[in-house]
Structures are given as structure tokens and as C-alpha cells.
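Colleague:
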Amino acid sequence: MTLQEIISKIESVDSEIFEKAKERTSQLIMPPRAMGVLNDISEKLCAIASNMKPEVDRRAVFVMAGDHGIVEEGVSAFPQQVTCEMIKAFVNGIATITVLARQNNCAVVVADVGSKCKIDEKELSGKNKFIVRKVKFGTNNFTKEPAMTRDEAIQSILAGFEIASREIEKQNLNVIATGDMGIGNTTPSSAIGVVITGNRVEEMTGNGTGIPSEMLKKKIEVIKKGIELHKPNPEDGIDVLSKVGGIEIGAIAGVILAAAYHRIPVIIDGIISTAGALIAYKLCPTVLEYMFAGHKSEEPGHIKMLDYLGLKPLLQLNMRLGEGTGAVLAMHILDAAARIIKEVATFSEAGVSESKV
Numbered sequence: 001m002t003l004q005e006i007i008s009k010i011e012s013v014d015s016e017i018f019e020k021a022k023e024r025t026s027q028l029i030m031p032p033r034a035m036g037v038l039n040d041i042s043e044k045l046c047a048i049a050s051n052m053k054p055e056v057d058r059r060a061v062f063v064m065a066g067d068h069g070i071v072e073e074g075v076s077a078f079p080q081q082v083t084c085e086m087i088k089a090f091v092n093g094i095a096t097i098t099v100l101a102r103q104n105n106c107a108v109v110v111a112d113v114g115s116k117c118k119i120d121e122k123e124l125s126g127k128n129k130f131i132v133r134k135v136k137f138g139t140n141n142f143t144k145e146p147a148m149t150r151d152e153a154i155q156s157i158l159a160g161f162e163i164a165s166r167e168i169e170k171q172n173l174n175v176i177a178t179g180d181m182g183i184g185n186t187t188p189s190s191a192i193g194v195v196i197t198g199n200r201v202e203e204m205t206g207n208g209t210g211i212p213s214e215m216l217k218k219k220i221e222v223i224k225k226g227i228e229l230h231k232p233n234p235e236d237g238i239d240v241l242s243k244v245g246g247i248e249i250g251a252i253a254g255v256i257l258a259a260a261y262h263r264i265p266v267i268i269d270g271i272i273s274t275a276g277a278l279i280a281y282k283l284c285p286t287v288l289e290y291m292f293a294g295h296k297s298e299e300p301g302h303i304k305m306l307d308y309l310g311l312k313p314l315l316q317l318n319m320r321l322g323e324g325t326g327a328v329l330a331m332h333i334l335d336a337a338a339r340i341i342k343e344v345a346t347f348s349e350a351g352v353s354e355s356k357v
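Structure (C-alpha cells):
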């Protein structure tokens, strides 16, 4: 399918079931909306599933990997080869995201969509699935030329969609999460956030992997230079992605589109995943109805991006790792919300007297 064909098939969640879920929530044996945000989540899950008994037990996190030409400008504390090294750690099940995924009974799918690594699918085997769907070997340095062509940007989105769609169907998944790997990728993520939300570069840019203040100043100048040079159109997600984005960010947007296409919830992670969410939203605003924000990261631009989308983070644990860690941790919250609306009795079912006020 083409990108436009995919978007044309994405439909809104079930508004009738949403109203039924709200009605049931009002009758549960507790004071009105006593579980707060959990009540909101359970109703949204019902609307997504189009039934009153949502399931979120068949899970996977998609860790999209890509490299960035902008690293040449000295914006990261880590060398670029770490991307390749971490791909191997993900597949072998020894990275943070893989530990948290095991705890949550969540499959891990690692996809190389745009790294500079030359790793064949057959030569890398471990506990987790590894897929190579290379769009190109890293983006261009966007202070000199667009990060990629418009066609490559579209291909990155389609790569993410196809990878996620295949696994959703194969594993019969009912909830997915987004993750990332790519040294330097907070720089394009912040750039995307600046362009789409309209906030200042200084407000949207953080220390990433832990860079010192002088490197942070350079990072801010690099983002300003790229945006000024290319003038991406904030209303055109493909234009923004191609000019200052990343291949794995495009693939994350594709994963989000796949969730909405298959009518299952998707939990987005930190600033990189949320940059992908902004691109997906610009392509198809309806995807927002399927999204949950896993957590609020330490990157200053992240909460501003979530505010733009109208999403409230489920967790705030001062995390700044990425990989999908915050999104996978938030699966506990979705599981609890689903159980509440399915398993807690109503006043009439339990024979409990209702409030008289």
C-alpha cells in the first residue's frame, strides 16, 4: 500500500462504546471517577478495542535504529559506533529495554532501518527478533543538506508501518510500544519539535546523552542553522522529516500508523518517539485517538511536544534513556486500567448501596 492508502483506511475509535464505558465507570463500586486517570485510560481502551473488555496482554515494543549525519557537528557524548553495538545488545537481550520487556511479558522487535551498520539478519541471532529494512546508511548532515530526500522520508515511514503491521498480524498483538536507537537522535527530534510546535530552540533542546553546557550551546546552534537553511513546512510532516529528521523517527511514525490501522493502542516513549508521533499526527490526526504517552522524559522539549498533542504522560521517573523504556513500563498502567473496567463490579452487580448525594 501507498502511504495515502494506509492513511485513508485509518478510522476513529468507537464513540458509542466510549460512552458505554463512561457509563459503566460511573457505576463501579467506588466514588465517582475515584481512579482518576485510570478511568480515562480504561474508557479509551474500550473505544479503541470497540468492546467493553479490552485486552492488553499480547505486547511488543518496536526498537527502530538509525544513524545521523548531524553527529559530525559534535552534538553527542557518545561515538556513532554505539548504535551498532547497542543493536547487538538489544538482540542479545542484555540492554535496559529488553530487561523491562521481559518483566512485562513484552516481545522485542529490533529493526535496523537506517544505521551505518552492515549487519545481516542471518548473522545476528539472539533472544529477540532482528529485522533489517534499510532505507539508507544514516541521514545526511542537515546543516549542509536535507537529512534525506522526500522519497526516503516516505520510505522510512512505510518501513516502520510494514514491520509493525507484519508483527501485529503474526503475533496477534493487542498493544504495542515505540522505541529507538541512534546516536545523535535527540538533535533531529528537538528540531522536529521546534518546527511543529513553534517553540524556541532553546526551550526544546536538552543534554541528550549527557553533553556539557558548551556542547549544548553548539547543539542549539546546529538546530537553528538546519531550520534556517531548509525552512521546513510545519504543516507538512514529510517535509519536516526529510529536512531535519531521522530515518528511525520516520519508522516510529510508521509504527504509530500501523497501530491505528489495526485498531490497537500504541504507547509512545520519550522525545524521539514523540517526534515520530508528531510526524504521524501531521499525516493523520486520527492516530492521536490510539496514542498513550508512556512517560515524561528529562528532555525539556518532550513535555512541550506532549502538550501540543494533548497527551498526559502516565509516568514521571526522571528517565532519559529512550529505547522504549518508559513506554514499556507504562504497560503496567494500561493493564491496571483494563482490569478495572473489566473486573470491578458495579453497585448493582455487587449489591452495594450507592451514594445518596
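Sequential numbering of the sequence shown, starting at 1, is according to the UniProt record's numbering. Glycine included, C-beta positions come from ideal geometry on N, C-alpha and C.
1) Output yes if chain C places a C-beta closer than 8 Å to the C-beta of Ser213; else output no.
2) Find out if the Cβ-Cβ distance for the pair Ile249, Leu241 is shorter than 8 Å.
3) DSSP state of Asp180, grouped into three classes?
4) Should Asn128 be labelled buried (16 or more other beta-carbon atoms within 10 Å of its own) or exposed?
5) Just the C-alpha distance for Met181 and Cys46, rounded to the nearest angstrom, thanks.
6) With 16 as the cutoff for other CB atoms within 10 Å, does Thr2 come out buried or exposed?
7) DSSP three-state call for Thr205: helix, strand or coil?
8) For Asp14, collect the residues of the same chain with a Cβ closer than 6 Å to its Cβ; drop the 5 residues on either side in sequence, then sort them by chain order.
9) Looking only at DSSP bridge pairs, what is Ile267 linked to?
10) What are the boundary residues of the beta strand (DSSP E) that Phe142 is part of?
11) Going by DSSP, name the residue or residues bridged to Val110.
12) Determine the direct distance from the alpha carbon of Ile10 to that of Ser165, and round the result to whole angstroms.
13) Which residues does DSSP list as the beta-bridge partners of Thr346?
14) Quick one: what's Leu315 bridged to in DSSP?
15) In the DSSP assignment, the alpha helix (DSSP H) including Lys217 goes from what residue to what residue?
16) My understanding is that Pro54 touches Ala338, with C-beta atoms under 8 Å, so please give their C-beta distance in whole angstroms.
17) For Ser76 and Lys218, what's the separation of their Cα atoms in angstroms?
18) Go through its chain and collect everything with a Cβ distance to Glu235's Cβ below 8 Å, but skip five positions before and after it.
19) Tell me whether the beta-carbon of Ile271 lies closer than 8 Å to the beta-carbon of Thr186.
20) Give a yes or no on whether the C-beta atoms belonging to Val113 and Met52 are separated by under 8 Å.
21) Reducing DSSP to helix, strand and coil, say where Arg102 ends up.
22) Check whether the Cβ atoms of Val344 and Ile41 sit closer than 8 Å, and answer yes or no.
23) Nearest CA to the CA of Gly322: which residue from Glu16, Glu23, Glu167 and Ser189?
24) Should Arg200 be labelled buried (16 or more other beta-carbon atoms within 10 Å of its own) or exposed?
25) What separation, rounded to the nearest whole angstrom, lies between the Cα atoms of Asn141 and Ala260?
26) Looking only at its chain, what residues have a beta carbon closer than 6 Å to the beta carbon of Val91, apart from the 5 residues adjacent to it on each side?
27) So, with DSSP's three-state summary, where would you put His302?
28) In terms of residue numbering, what span does the alpha helix (DSSP H) encompassing Cys284 cover?
29) Are the CB atoms of Val108 and Ile247 nearer to each other than 8 Å?
30) Apart from the five residues just before and just after Gly206, which ones in its own chain have a Cβ nearer than 6 Å to its Cβ?
31) Please determine, among Thr83, Arg133, Arg58 and Leu257, the residue with the shortest C-alpha to C-alpha distance to Asn174.
32) Helix, strand or coil, according to DSSP, for Gln80 in the structure here?
33) Are the Cβ atoms of Val328 and Gly184 separated by less than 8 Å?
34) Is Ile10 helix, strand or coil by DSSP?
35) In the structure shown, what three-state DSSP assignment does Val75 receive?
Modeller: If we stick to the structure as given:
1) In summary, chain C is missing from the structure at hand, where a single protein chain is found.
2) The sequence position of residue 249 within the sequence shown is 249, counting from 1. The sequence position of residue 241 within the sequence shown is 241, counting from 1. Closer than 8 Å, so yes.
3) Counting from 1 along the sequence shown, the entry for residue 180 is found at position 180. DSSP places Asp180 in strand when its eight states are reduced to three.
4) Position 128 of the sequence shown, counting from 1, holds the residue named residue 128. Counting Cβ neighbours within 10 Å, Asn128 comes out buried, since at least 16 surround it.
5) The residue labelled residue 181 in the question sits at position 181 within the sequence shown. The residue labelled residue 46 in the question sits at position 46 within the sequence shown. Met181 and Cys46 have their C-alpha atoms some 32 Å from each other.
6) Reading the sequence shown from its first residue, position 2 is the one you call residue 2. With fewer than 16 Cβ atoms within 10 Å of its Cβ, Thr2 is classed as exposed.
7) The residue given as residue 205 occupies position 205 in the sequence shown. Reduced to three states, the DSSP call for Thr205 is coil.
8) As a position in the sequence shown, residue 14 is number 14, starting the count at 1. Here the set comprises Ala47 and Ser50.
9) If you number the sequence shown from 1, residue 267 lands on position 267. Paired residue(s): Ala177 and Phe292.
10) The count along the sequence shown starts at 1 and reaches residue 142 at position 142. In this chain, Phe142 is not harboured by any beta strand (DSSP E), its DSSP state being neither H nor E.
11) As a first step, residue 110 must be located in the sequence shown, where it is residue number 110. Answer by DSSP bridge pairing, in chain order: Val63 and Phe130.
12) Along the sequence shown, one-based indexing puts residue 165 at 165. Along the sequence shown, one-based indexing puts residue 10 at 10. Taking C-alpha positions only, Ser165 is separated from Ile10 by approximately 13 Å.
13) The count along the sequence shown starts at 1 and reaches residue 346 at position 346. Within the DSSP bridge table, the entry for Thr346 names Leu28 as partners.
14) What you label residue 315 is simply residue 315 of the sequence shown in a count that begins at 1. Partner(s): His295.
15) Here the question's residue 217 lines up with position 217 in the sequence shown. Ser213 to His230 is the extent of the alpha helix (DSSP H) around Lys217.
16) Counted from its first residue, the sequence shown places residue 54 at position 54. Counted from its first residue, the sequence shown places residue 338 at position 338. The beta-carbon separation of Pro54 and Ala338, rounded to 5 Å, stays under the 8 Å limit for a contact.
17) Position 76 of the sequence shown, counted from the start, is the residue given in the question as residue 76. Position 218 of the sequence shown, counted from the start, is the residue given in the question as residue 218. When rounded, the distance between both Cα atoms is 10 Å.
18) Against the sequence shown, residue 235 aligns to sequence position 235. Within the same chain, Lys282 come within 8 Å of Glu235 by CB-CB distance, once the 5 residues on both sides are set aside.
19) If you number the sequence shown from 1, residue 271 lands on position 271. If you number the sequence shown from 1, residue 186 lands on position 186. Between Ile271 and Thr186, the gap from beta carbon to beta carbon is short of 8 Å.
20) Taking the first residue of the sequence shown as position 1, residue 113 is located at position 113. Taking the first residue of the sequence shown as position 1, residue 52 is located at position 52. It is not a contact, given that the beta carbons lie outside the stated cut-off.
21) For the purposes of this step, residue 102 is identified with residue 102 of the sequence shown, where counting begins at 1. Arg102 falls in the helix class under three-state DSSP.
22) Looking up residue 344 in the sequence shown gives position 344. Looking up residue 41 in the sequence shown gives position 41. Not closer than 8 Å, so no.
23) As a working mapping, residue 322 is identified with position 322 in the sequence shown. Relative to the Cα of Gly322, the nearest Cα in the group Glu16, Glu23, Glu167 and Ser189 belongs to Ser189.
24) By one-based count along the sequence shown, residue 200 stands at place 200. Residue environment: Arg200 is assigned as exposed (fewer than 16 neighbouring CB atoms within 10 Å of its CB, all protein chains considered).
25) For the purposes of this step, residue 141 is taken as residue 141 along the sequence shown, with counting starting at 1. For the purposes of this step, residue 260 is taken as residue 260 along the sequence shown, with counting starting at 1. The alpha-carbon separation between Asn141 and Ala260 amounts to approximately 32 Å.
26) Your numbering for residue 91 matches position 91 in the sequence shown. A distance below 6 Å between beta-carbons, with the five flanking residues on each side excluded, links Val91 to the following residues of its chain, in chain order: Val110, Leu124, Gly126, Asn128 and Phe130.
27) Translated into positions along the sequence shown, residue 302 becomes position 302. In the structure shown, His302 sits in a helix (DSSP, three-state: H, G or I).
28) Counting from 1 along the sequence shown, the entry for residue 284 is found at position 284. Element bounds for Cys284: n/a, residue is neither H nor E.
29) Start at 1 with the first residue of the sequence shown, and residue 108 comes out as number 108. Start at 1 with the first residue of the sequence shown, and residue 247 comes out as number 247. With contacts defined as CB atoms closer than 8 Å, Val108 and Ile247 fail to qualify as a contacting pair.
30) Position 206 of the sequence shown, counted from the first residue, corresponds to residue 206. Same-chain partners within the cutoff: Glu299 and Pro300.
31) In the sequence shown, the residue the question calls residue 174 occupies position 174. Across the set Thr83, Arg133, Arg58 and Leu257, the C-alpha of Arg58 shows the shortest separation from the C-alpha of Asn174.
32) Locating residue 80 in the sequence shown gives position 80, counting from the first residue. Coil, per DSSP.
33) Translated into the one-based positions of the sequence shown, residue 328 becomes position 328. Translated into the one-based positions of the sequence shown, residue 184 becomes position 184. Not closer than 8 Å, so no.
34) By one-based count along the sequence shown, residue 10 stands at place 10. Coil, per DSSP.
35) For this step, residue 75 is matched to residue 75 along the sequence shown. In the structure shown, Val75 sits in coil (DSSP, three-state: anything other than H, G, I, E or B).
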